[in-house]
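Student: Take this structure first; my questions come after.
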Amino acid sequence: MRGHRPEHLGYPGPAAALQDVWIALRASEREILEAVSVADVAEGRLPDKVRHLAEDPKAWE
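The numbering used here applies: residue 5 is where the sequence shown begins, and numbers increase by one.
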């Protein structure tokens with residue numbers, strides 16, 4: 005967030021769980037990006053997990 009890594013951020017009081025939210029978001033992005041290769045994209049062949057996420061209409065909102 006704003007050039008700082010989530011593990012170096014801290015939030016006071018009721019917002020303390022935000023650090024976990026940022027770390028979970030980063031982990032989710034990494035999980036998707038590590039599952040897809042350039043060859044997968046070039047061949048139009050995405051892993052099922054990624055394809056299912058993209059097919060969810062809520063993902064497009």
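Ideal placement from N, C-alpha and C gives every residue a C-beta, glycine not left out.
Taking just the CA atoms, how far does residue 45 sit from residue 28?
Tutor: Rounded to the nearest angstrom, the two C-alpha atoms are 25 angstroms apart.
Student: What residue range does the alpha helix (DSSP H) around residue 62 cover?
Tutor: Element bounds for residue 62: n/a, residue is neither H nor E.
Student: Take residue 57 as the anchor and find which of 37, 47, 42, 43 has the nearest alpha-carbon.
Tutor: That would be 37, whose Cα lies nearest to the Cα of residue 57.
Student: Note the first and the last residue of the continuous alpha helix (DSSP H) segment covering residue 20.
Tutor: Element bounds for residue 20: n/a, residue is neither H nor E.
Student: Just to confirm my understanding: we take residue 22, look at its own chain, exclude 5 residues before and 5 after, and list those with CB closer than 7 angstroms. What are they?
Tutor: Cβ neighbours of residue 22 beyond the five flanking positions: 15.
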